[in-house]
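The structure appears right after this line, and notes come after that.
2 protein chains.
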Amino acid sequence: MGLVVQKYGGSSVADAEGIKRVAKRIVEAKKNGNQVVVVVSAMGDTTDELIDLAQEVSPIPSGREFDMLLTAGERISMALLAMAIKNLGHEAQSFTGSQAGVITDSVHNKARIIDVTPGRIKASLDEGNIAIVAGFQGVSQDKKDITTLGRGGSDTTAVALAAALNADVCEIYTDVDGVFTADPRVVKKARKIDWISFEDMLELASSGSKVLLHRCVEYARRYNIPIHVRSSFSGLQGTWVSNEPQGDRPMEQAIISGVAHDTSEAKVTVVGVPDKPGEAARIFRAIADSEVNIDMVVQNVSAASTGLTDISFTLPKAEGRKAVAALEKTRAAVGFDSLRYDDQIAKISLVGAGMKTNPGVTAAFFEALSNAGVNIELISTSEIRISVVTRADDVNEAVRAVHSAFGLDSETDEAVVYGGTGR
Amino acid sequence: MGLVVQKYGGSSVADAEGIKRVAKRIVEAKKNGNQVVVVVSAMGDTTDELIDLAQEVSPIPSGREFDMLLTAGERISMALLAMAIKNLGHEAQSFTGSQAGVITDSVHNKARIIDVTPGRIKASLDEGNIAIVAGFQGVSQDKKDITTLGRGGSDTTAVALAAALNADVCEIYTDVDGVFTADPRVVKKARKIDWISFEDMLELASSGSKVLLHRCVEYARRYNIPIHVRSSFSGLQGTWVSNEPQGDRPMEQAIISGVAHDTSEAKVTVVGVPDKPGEAARIFRAIADSEVNIDMVVQNVSAASTGLTDISFTLPKAEGRKAVAALEKTRAAVGFDSLRYDDQIAKISLVGAGMKTNPGVTAAFFEALSNAGVNIELISTSEIRISVVTRADDVNEAVRAVHSAFGLDSETDEAVVYGGTGR
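Protein sequences appear in the order of chains A and B.
Residue 423 is where the first sequence ends in UniProt numbering, and the numbering goes up by one at each step.
Residue 423 is where the second sequence ends in UniProt numbering, and the numbering goes up by one at each step.
If you want it as structure tokens, here you go:
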């Protein structure tokens, strides 16, 4: 007996068959004695089709109208899902983000949730209904306009509702069996992780793991909502993400949770920066003012002979051009020699809280890369993560070598990808 | 200078090209110094596609969820239209039925409007925006659930908003040039009507003319909102529907407004009904209890020799089976002889307020039919309409003969149908 929030992504409800399959799973949870709230994304490619339509009528669609358009997608999937559940003999009601009380700021296309007031959801549950809620959307507090939450928005809706309803668990259904020790498309012997802490999951998410987005995990950690990531196709137990081990099999935390990689970034190096106070600030102020998000930042000691140093950072490839243009404008003021831009890089990260108390981890990581003949270009660490930048060509080899060196390989190839490519 | 409400049907916004064409027309009205409110239907076949999807997941989709689903269609078209207008350099904001203040009762799939509170629309207009409103939908007063208005709902939304905003005119854009003296697909020489009174338009609408629905005209008459029915393709002056002649060319009302026909009905005859008080009531109570809507009802004097009479009525073909079943159950109580069901009929109606003061109209009507060799099976009249039932096979011939006999033929074939079939 409890309150369960389930979230289904677009690939799980891509067509009528998918919707009917998901409906059965939801009814199962209800039959097990739970109150059930379901957050659903738009069907399969609906959102992309709507974006195409928008491009046809206007090259730069406006934020408010674009959000109004996109939210039609969840409206369709949630209504169909409610119908499919009723057809199985159970009562269901669908609610838009606004009706569900998802209150956001007014930043269209990437709004932040500021409050959740799920009065109508509670009332619907109390009447014995299954409540279906549109993911990815809310209503702005000041203007009462429809907003969308941006990437990973439906996951965030689910966690936010789970927090507001004090749910026992937030189940995120997707097209893989859970979170794996590495990307199963690269490492055939990747293992499903049964349980992982919020902290390790946050590091994996920010290091390239795509199953859960950082934002959603951060929200879950803040409100201490256990997440259960699992497949809507297989019905197997997936991965629990929480403060404490949960589920049927409590277990010890592994030293290393997994290996993540990311090939979506590029590297910028500012060469020959005078090593004096204020120069780095000037550089990163210019980057910040051009609204570019940066990831790793590395600066080494300057050469004593020249008093010059190099500063490197990584950033999304899509923002490379903007960053370089912003930096060129500061060249005279900063007095650096040159800029190097390199988009043929990959980032490989080893994540695990256990490395705090196991001093040999860094050495073993670098040895594994060395044995695989992979050169390291940048290194950056946090308390529970080590990241390196390598050539993009080396990434698969490097991930497999590290995964194996830390004893993460499973006996068998266990990873299966069921549906499309996820949300 | 004024306030104009424009309504565009699904065939006018069937694709990106259509949306851009409509956007230009809207901007034109704005440039002419008007405040502009636009009511828009779902794009082309969107609603049908959504209905198909619903059928796939549930054979009997529920009212509430079905409405939630269908309203996604207008959400898409209105957001795209707002974007297209902005792309032309004008400000536009889209509003759902709920946001526009369209308050309805709770009868899903065919809700009635009980109030319109267009505060947000007024505010948006005052800021200089063009306001785009989703047709066909509202929000229920008691439960705050999304509702749809059923057939012709977008036209009704437009007229209701025009009334609430005290608009100067409600322009209904469609895929024909206006209301014609007969269906142009049947009568090539049908003429566009420049002006028609609410009363005559109501009779035409309830006699089979499909350009405007009875419900929308009734609403416009109650609040005295002039309607201008015109083509979104040609830009020509269309048909004004109002109390008084309007537009550039004030004109006298014609004796006969037009000839309408309807082949969607069937005829039921109850044969051998005892001619005594209460029998007709018993019959029509049974029909009403089975929720069948009937149209014409005809009973002639009974034969003196038998004391028995026949009662005939017409009804939508789709409801024929239900009505016959209901009547069969009353056979013993009423004591009638037999039931005859005939779905190979057509109804032809001559409409015009002028017939009140022109006694020869009925005779001329029957003579025209007789000359065309068309047999009359039932006759029913109102103050400004004469309707007859004939064989379905005779309908086109009959309509052309009557149209010609009353001098309605134009010199040329002027009717053009531009787009699809509209709503």
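Each residue gets a CB set at the ideal place from its N, CA and C atoms; glycine is no exception.
Closer than 8 Å by beta-carbon distance: list the chain B residues that pair up with residue i, in chain order.
| i | result |
| --- | --- |
| Arg75 of chain A | Met68, Leu69, Thr71, Ala72, Arg75 |
Determine the burial state of residue i: buried for a count of at least 16 other Cβ atoms within 10 Å of its Cβ, exposed for fewer.
| i | result |
| --- | --- |
| Ser305 of chain A | exposed |
| Pro118 of chain A | buried |
| Val301 of chain B | exposed |
| Ala326 of chain A | buried |
| Asn129 of chain B | buried |
| residue 431 of chain A | In the structure as shown, chain A begins at 1 and stops at 423. Residue 431 of chain A is therefore absent and cannot be evaluated. |
| Ile114 of chain A | exposed |
| Thr421 of chain B | Below a pLDDT of 50, predicted positions are generally treated as unreliable, and Thr421 of chain B, at 39, falls in that range; no measurement from the model is reported. |
| Asn34 of chain A | buried |
| Ala54 of chain B | buried |
| Glu74 of chain B | buried |
| Glu383 of chain A | exposed |
| Ala288 of chain A | exposed |
| Thr412 of chain B | exposed |
| Glu203 of chain A | buried |
| Lys347 of chain B | buried |
| Asp48 of chain A | exposed |
| Glu17 of chain A | exposed |
| Ile65 of chain B | It is Glu, not Ile, that sits at residue 65 of chain B in the sequence shown. Glu65 of chain B comes out buried. |
| Arg120 of chain A | buried |
| Ala164 of chain B | buried |
| Ala131 of chain B | buried |
List the residues of chain A whose Cβ lies closer than 8 Å to the Cβ of residue i, in chain order.
| i | result |
| --- | --- |
| Asn129 of chain B | Under the 8 Å cutoff, chain A gives no residues; its nearest Cβ is about 11 Å from Asn129 of chain B. |
| Asp83 of chain B | Sequence check: residue 83 of chain B is Met here, not Asp. Chain A residues near Met83 of chain B: Ala54, Val57, Ser58, Pro61, Ser62, Glu65, Phe66, Leu69. |
Could you name the residues of chain A that residue i contacts, counting a contact when the two beta carbons are closer than 7 Å?
| i | result |
| --- | --- |
| Ile19 of chain B | Val57 |
| Leu80 of chain B | Leu53, Ala54, Val57, Leu69 |
For residue i, go through chain A and note every residue whose CB falls closer than 9 Å to its CB, in chain order.
| i | result |
| --- | --- |
| Ser232 of chain B | Simply none; closest approach about 16 Å. |
Can you list the residues of chain B that residue i reaches, using a CB-CB cut of under 7 Å?
| i | result |
| --- | --- |
| Arg400 of chain A | In chain order: nothing, as chain B lies at least about 43 Å away. |
| Ala16 of chain A | Leu53, Glu56, Val57 |
Which chain B residues sit within Cβ distance under 9 Å of residue i?
| i | result |
| --- | --- |
| Ser94 of chain A | Arg64, Glu65, Met68, Leu69 |
| Lys86 of chain A | Ser58, Ile60, Pro61, Ser62, Glu65 |
Enumerate, from N- to C-terminal direction, the unbroken alpha helix (DSSP H) stretches of 4 or more residues contained entirely within the segment 331-389 of chain B. Within the segment 331-389 of chain B, the complete alpha helix (DSSP H) runs of at least 4 residues fall at 361-371.
Using a Cβ-Cβ cut-off of less than 8 Å, list which residues of the segment 23-57 of chain B approach chain A; keep chain order. Of all residues in the segment 23-57 of chain B, those with a C-beta nearer than 8 Å to a C-beta of chain A are Ala23, Leu50, Leu53, Ala54, Glu56, Val57, reading in chain order.
As an exercise, report each continuous alpha helix (DSSP H) stretch of at least 4 residues that is fully enclosed by the segment 256-333 of chain B, in chain order. Qualifying alpha helix (DSSP H) stretches, in chain order: 279-289.
What alpha helix (DSSP H) runs, 4 residues minimum, are completely inside the segment 59-123 of chain B? Qualifying alpha helix (DSSP H) stretches, in chain order: 63-70, 72-87.
Would you be able to state if there are at least three C-beta pairs under 8 Å between the segment 138-156 of chain A and the segment 212-221 of chain A? Enough Cβ pairs lie closer than 8 Å, so yes.
Output needed in chain order: residues of the segment 97-119 of chain B with a Cβ under 8 Å from some Cβ in chain A. Listed in sequence order: Gln99.
Counting pairs of beta carbons, one from the segment 339-346 of chain A and one from the segment 355-362 of chain A, are three or more of them closer than 8 Å? Counting Cβ pairs under 8 Å, fewer than three are found: no touch.
Kindly confirm or deny that the segment 363-370 of chain B and the segment 220-239 of chain B touch, where touching means at least three C-beta pairs closer than 8 Å. Note that the segment 363-370 of chain B does not touch the segment 220-239 of chain B; fewer than 3 beta-carbon pairs, one per stretch, sit closer than 8 Å.
Okay, do the segment 316-336 of chain A and the segment 271-287 of chain A touch, 3+ Cβ pairs below 8 Å being the bar? Verdict: yes, contact present.
Would you list, in chain order, the members of the segment 361-385 of chain B that have their beta-carbon closer than 7 Å to a beta-carbon of chain A? Per Cβ criterion, the list is empty.
Against chain B: residues of the UniProt domain "ACT" (268-353) of chain A by CB proximity under 7 Å: When C-beta distances to chain B are compared with 7 Å, every residue of the UniProt domain "ACT" (268-353) of chain A stays at or above that value.
Do the segment 180-190 of chain A and the segment 18-33 of chain A touch if we need at least three Cβ pairs shorter than 8 Å? Here the segment 180-190 of chain A makes no contact with the segment 18-33 of chain A; the two share fewer than three CB pairs at distances below 8 Å.
Is the segment 255-270 of chain B in contact with the segment 305-322 of chain B, if contact means three or more CB pairs nearer than 8 Å? These segments touch.
Which parts of the segment 152-216 of chain B are runs of the beta strand (DSSP E), unbroken and 3 residues or longer, counting only runs that do not cross its ends? Segments of the beta strand (DSSP E) lying fully in the segment 152-216 of chain B: 169-174, 195-197.
Are there three or more Cβ pairs, one per stretch, closer than 8 Å when the segment 95-109 of chain B is compared with the segment 41-48 of chain B? Short answer: they don't touch.
Counting Cβ pairs, one atom from each stretch, are 3 or more of them under 8 Å apart for the segment 384-396 of chain B and the segment 198-210 of chain B? Touching, per the Cβ criterion.
Three-pair Cβ contact test at 8 Å for the segment 401-409 of chain A versus the segment 2-16 of chain B: Taking 8 Å as the limit for Cβ pairs, the verdict is that the segment 2-16 of chain B does not touch the segment 401-409 of chain A.
Counting pairs of Cβ atoms below 8 Å between the segment 51-66 of chain A and the segment 85-94 of chain A, do you hit three or more? The segment 51-66 of chain A vs the segment 85-94 of chain A: no contact.
Counting beta carbon pairs with one atom in the segment 215-225 of chain A and one in the segment 174-181 of chain A, are three or more of them shorter than 8 Å? No, because fewer than three Cβ pairs between the segment 174-181 of chain A and the segment 215-225 of chain A fall closer than 8 Å, the two stretches do not touch.
For the 8 Å Cβ check, are there 3 or more pairs between the segment 159-172 of chain B and the segment 192-202 of chain B? Too few Cβ pairs lie closer than 8 Å, so no.
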